[in-house]
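Trainee: Read left to right, the sequence shown gives residues 14 to 289 (the numbering used here).
Here a beta-carbon is modelled for each residue, glycine too, at the ideal position from N, C-alpha and C.
Small disclaimer: the values here were computed from a predicted structure and weren't measured.
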Amino acid sequence: MDRIALAFSPLRDASPRDVVAWSRSAEERGYEAVFIPESYCDSLAYAEAVALATRRLRVGTGITNVYLRQPTLLAAQAAAVQEFSGGRLLLGQPRPAVPPRILAAALALRMIDVAGELADGVMFNLFPLTRYPRALVALRRGAARAGRDGAALEVCHFTTCYLADDGQAALHEARRMLARYANLPFYGNMLARSGFADEVEAIRAAWTRRDVAAAERAVSDALADAVTLVGDPVRCRERVAAYRAAGATLTIVFPNPVGEPRAAAVARALVAFAPR
Numbered sequence: 014m015d016r017i018a019l020a021f022s023p024l025r026d027a028s029p030r031d032v033v034a035w036s037r038s039a040e041e042r043g044y045e046a047v048f049i050p051e052s053y054c055d056s057l058a059y060a061e062a063v064a065l066a067t068r069r070l071r072v073g074t075g076i077t078n079v080y081l082r083q084p085t086l087l088a089a090q091a092a093a094v095q096e097f098s099g100g101r102l103l104l105g106q107p108r109p110a111v112p113p114r115i116l117a118a119a120l121a122l123r124m125i126d127v128a129g130e131l132a133d134g135v136m137f138n139l140f141p142l143t144r145y146p147r148a149l150v151a152l153r154r155g156a157a158r159a160g161r162d163g164a165a166l167e168v169c170h171f172t173t174c175y176l177a178d179d180g181q182a183a184l185h186e187a188r189r190m191l192a193r194y195a196n197l198p199f200y201g202n203m204l205a206r207s208g209f210a211d212e213v214e215a216i217r218a219a220w221t222r223r224d225v226a227a228a229e230r231a232v233s234d235a236l237a238d239a240v241t242l243v244g245d246p247v248r249c250r251e252r253v254a255a256y257r258a259a260g261a262t263l264t265i266v267f268p269n270p271v272g273e274p275r276a277a278a279v280a281r282a283l284v285a286f287a288p289r
């Protein structure tokens with residue numbers, strides 16, 4: 014069976030009850046896990062709510078913001094969710110009786126190396142497939158340094174999804190998101206090193222002029238296709254298979270709307286990516 018998870022976030026057009034209901038549906042359809050991004054909410058609080066509403070589903074944070082919490086507070090929160098979930102927490106970033114698995118959000122090879130040494134796995138976001146060979150070498154090098162089995166580490170590929178039969182509409186939404194992420198120093202630098210230097214340069218120049226439309230236009234189809242799921246269900250499932258072939262052990266699909274309410278996008282993703 015495919016190992017696949019979904020990510021849900023209570024953004025402007027979704028309520029906490031929606032996230033819980035979607036998570037129940039994910040469990041019923043055989044998904045392995047649900048992850049909660051910490052964009053506009055407390056990911057651990059939502060993870061606890063999802064854990065209490067489900068029985069088998071693993072619950073993860075994708076990711077937990079380390080700048081908001083002292084280590085002792087993070088450990089206490091994680092321990093509580095681990096207890097309420099019966100040991101199902103995947104902490105994207107403390108040690109209760111049964112420690113949660115810790116996934117390190119990593120993009121740079123040095124960080125991936127450290128994750129191999131210290132964490133239970135890594136979580137990649139906006140990560141081109143071309144980076145996988147060197148990334149997996151770094152991960153296993155770090156594991157070997159600590160006397161660990163690198164092949165046993167989790168490799169999670171977090172991917173934003175714009176599922177739509179209208180490919181151009183889906184690309185439009187992907188461009189809006191990527192124009193903003195590529196302007197961030199770390200993501201932009203990683204994408205530039207992955208073959209998209211021209212796009213990143215044009216995006217940054219547009220933001221310098223405060224030209225949002227130009228920044229979005231500078232996101233090429235190739236860039237959008239490399240780091241997001243864009244298009245119809247067949248195309249998106251092919252990309253998920255490519256992640257798995259590259260070395261991802263768990264793909265986390267974060268469905269986003271394309272000219273529709275978020276609930277509709279989630280409903281279609283639940284069907285499109287259901288494990289087979």
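With the cut-off set at 8 Å, would you say Gly73 and Thr143 are in Cβ contact?
Mentor: no
Trainee: Measure the CB-CB distance between Arg154 and Gly129 and report whether it falls below 8 Å.
Mentor: For Arg154 and Gly129, yes; Cβs fall inside 8 Å.
Trainee: Are the beta-carbon atoms belonging to Ile49 and Ser28 less than 8 Å from one another?
Mentor: no
Trainee: Counting C-beta neighbours from all protein chains within 10 Å, is the total for Leu131 16 or more, i.e. buried, or is it exposed?
Mentor: exposed
Trainee: Quick one: what does DSSP say Thr172 is sitting in, helix, strand or coil?
Mentor: strand
Trainee: Grab the span of the beta strand (DSSP E) containing Gly100 for me, first residue to last.
Mentor: Taken as a continuous stretch (DSSP letters only), Gly100 belongs to no beta strand (DSSP E), as it is neither H nor E.
Trainee: Decide yes or no for the touch test of the stretch 262-274 against the stretch 169-188: beta carbon pairs closer than 8 Å, at least 3 of them.
Mentor: As far as the Cβ criterion goes, the stretch 262-274 touches the stretch 169-188, which means the pair count is three or higher.
Trainee: Grab me the residues of Pro84's own chain with a C-beta within less than 7 Å of its C-beta, minus the 5 sequence neighbours each way, in chain order.
Mentor: none
Trainee: How about Glu212 and Val232: are their beta carbons less than 8 Å apart?
Mentor: Yes, Cβ-Cβ distance for Glu212 and Val232 is below 8 Å.
Trainee: In the structure shown, what three-state DSSP assignment does Ala187 receive?
Mentor: Reduced to three states, the DSSP call for Ala187 is helix.
Trainee: Relative to the C-alpha of Ala227, which candidate in Arg217, Asp238, Leu236 has its C-alpha closest?
Mentor: Arg217
Trainee: Using only the alpha-carbon positions, how far apart do Pro107 and Ala239 sit?
Mentor: Below a pLDDT of 50, predicted positions are generally treated as unreliable, and Pro107, at 42, falls in that range; no measurement from the model is reported.
Trainee: Beta-carbon separation of Arg37 and Ala66 under 8 Å?
Mentor: yes
Trainee: Are there 16 or more other CB atoms within 10 angstroms of the CB of Thr172, so buried, or fewer, so exposed?
Mentor: Looking at its Cβ environment, which holds 16 or more other Cβ atoms inside 10 Å, Thr172 is buried.
Trainee: If we require 3 or more residues per run, which beta strand (DSSP E) segments fall completely within the stretch 21-109?
Mentor: The qualifying runs are 46-49, 71-74, 102-105.
Trainee: According to DSSP, simplified to helix, strand and coil, what is Phe199?
Mentor: helix
Trainee: So, using beta-carbon positions, are Leu176 and Gly163 closer together than 8 Å?
Mentor: no
Trainee: Quick one: give me the first and last residue of the alpha helix (DSSP H) that Val225 is part of.
Mentor: 225-230
Trainee: Identify every residue that forms a DSSP beta bridge with Ala118.
Mentor: Met136
Trainee: Taking only three categories from DSSP, how would you classify Val150?
Mentor: helix
Trainee: Could you check the C-alpha separation between Val94 and Ala235 for me, to the nearest Å?
Mentor: 40 Å
Trainee: Assuming Leu242 and Arg252 form a contact by the criterion Cβ under 8 Å, report the distance between their Cβ atoms to the nearest whole angstrom.
Mentor: 5 Å
Trainee: Taking Cβ to Cβ, would you say Glu45 is nearer than 8 Å to Ala62?
Mentor: For Glu45 and Ala62, no; Cβs fall outside 8 Å.
Trainee: With a 10 Å radius around its C-beta and 16 neighbouring C-beta atoms as the bar for buried, classify Phe286 as buried or exposed.
Mentor: Around the C-beta of Phe286, 16 or more other C-beta atoms lie within 10 Å, and the residue is accordingly described as buried.
Trainee: Taking 7 Å as the line, does the beta carbon of Glu251 fall inside it for any heavy atom of the ligand PLP?
Mentor: As for the ligand PLP, it is missing from this structure, which has no ligand bound.
Trainee: Using only CA atoms, which one of Gly160, Ala148, Ala182, Leu86 lies nearest to Arg123?
Mentor: Ala148
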